[in-house]
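Let me begin by presenting the structure, written as structure tokens, before commenting on it.
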Amino acid sequence: GAVVSQHPSRVICKSGTSVKIECRSLDFQATTMFWYRQFPKQSLMLMATSNEGSKATYEQGVEKDKFLINHASLTLSTLTVTSAHPEDSSFYICSARGELGYNEQFFGPGTRLTVL
Amino acid sequence: GENVEQHPSTLSVQEGDSAVIKCTYSDSASNYFPWYKQELGKGPQLIIDIRSNVGEKKDQRIAVTLNKTAKHFSLHITETQPEDSAVYFCAARDTGFQKLVFGTGTRLLVSP
């Protein structure tokens, strides 16, 4: 399957700081990228959907000013957690979907964010 | 909107046995059903998928079946191995919003 990378894999930051997570589709062009959040032993919760060159669409209950998403190119999307607080600590996973085949959706390896 | 239910939540089998995980969906407009395997601390990995115009698909030891009338689909793993131990998620995607809706996950444990 196609490869999606995510960086960093793990980040620890102090409360009040901002953290940026990068997501890249390595061998295909991703017209649509998704950002998920996952708590321990739970399913994936969709946070937002982004299309290259346009504003992200956020799911109900997700603060767009806190979770800034930029889909700058067909291979790169970034998630910035602004003014992070301990309750933002979680596993963040990006996903990318291309236009080839049957629009399969591939996931990155995830980023473990810990806010102290 | 779409709602996906997944059972069982945990499944323990002996190595070599078969494992079956079942999902039901609510929206008849859904037409794409992928299955993902997630190992501890990693992102989900697409292992097999099926579209609504197909009833069954097989890839080596794994297979997926779809019953559109009953709105349920199942993952079948034969000859299980310890490395199959992971959490498995089913999902459904509709033609409208094009978003995957995930089941709650099944923790599969294969004992040697």
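Heads up: the protein sequence lines correspond to chains B and L, in order. Using my numbering, read the first sequence as starting at 150 and increasing by one per residue. Using my numbering, read the second sequence as starting at 94 and increasing by one per residue. No residue lacks a Cβ here, since even glycine has one placed at the ideal position from N, Cα and C. Just so it is clear, the structure is predicted and the values come from calculations on it, not from any experiment.
Query	Result
Cβ pair E98 of chain L, A185 of chain L closer than 7 Å	no
Cβ-Cβ separation, C162 of chain B to V153 of chain B (assumed contact under 8 Å), whole Å	Going by Cβ atoms, the distance from V153 of chain B to C162 of chain B rounds to 23 Å, so no, they are not a contact pair.
Own chain, CB closer than 7 Å to L139 of chain L, minus 5 neighbours either side, in chain order	P127, Y129
Terminal residues of the beta strand (DSSP E) in which T117 of chain L lies	112–118
Proximity below 7 Å, CB of S145 of chain L to CB of T158 of chain L	no
Selection of the region 104–129 of chain L by Cβ proximity to chain B, strictly under 8 Å	Y125, P127, Y129
Short Cβ contact (7 Å threshold) for A122 of chain L with T188 of chain L	yes
Rounded C-alpha distance that separates I170 of chain L from I242 of chain B	26 Å
Chain-ordered neighbours of G202 of chain B on chain L, where CB pairs are closer than 9 Å	Within 9 Å Cβ-Cβ: nothing; G202 of chain B doesn't reach chain L, min ~17 Å.
Whole-Å CB distance - E132 of chain L paired with A179 of chain L, under 8 Å assumed	5 Å
Within chain B, the residues that D142 of chain L reaches when beta carbons sit closer than 7 Å	E253
Neighbour-count burial assignment, G198 of chain L, 16 or more Cβ in a 10 Å radius	buried
Of the listed residues B:P258, B:L228, B:Q254, nearest to S158 of chain B (C-alpha basis)	B:P258
Under 7 Å (Cβ pairs) to chain L, residues found in the region 169–193 of chain B	S192, L193
Residues of its chain near K161 of chain L, where Cβ-Cβ distance is below 7 Å and the 5 sequence neighbours each way are ignored	S145
Residue range of the unbroken beta strand (DSSP E) whose run includes T130 of chain L	Reading off the sequence shown, one finds Lys at residue 130 of chain L, where the question assumed Thr. Taken as a continuous stretch (DSSP letters only), the beta strand (DSSP E) holding K130 of chain L covers 123–131.
Proximal residues of chain L, C-beta to C-beta of G257 of chain B below 8 Å	G136
Closest residue to G247 of chain B among B:F177, B:H220, B:T227 (Cα-Cα distance)	B:F177
Neighbourhood of P175 of chain L by C-beta, 7 Å cutoff - its chain only, sequence neighbours within 5 removed	E108, V203, P205
Minimum Cβ-Cβ distance from F195 of chain L to chain B less than 7 Å	yes
Distance, D110 of chain L Cα to N219 of chain B Cα	46 Å
Residue range of the beta strand (DSSP E) that includes V153 of chain B	153–156
Buried versus exposed, by CB contacts within 10 Å (16 or more), T103 of chain L	exposed
Rounded Cβ spacing between F240 of chain B and L228 of chain B (contact assumed at less than 8 Å)	Not a contact, Cβ separation roughly 12 Å.
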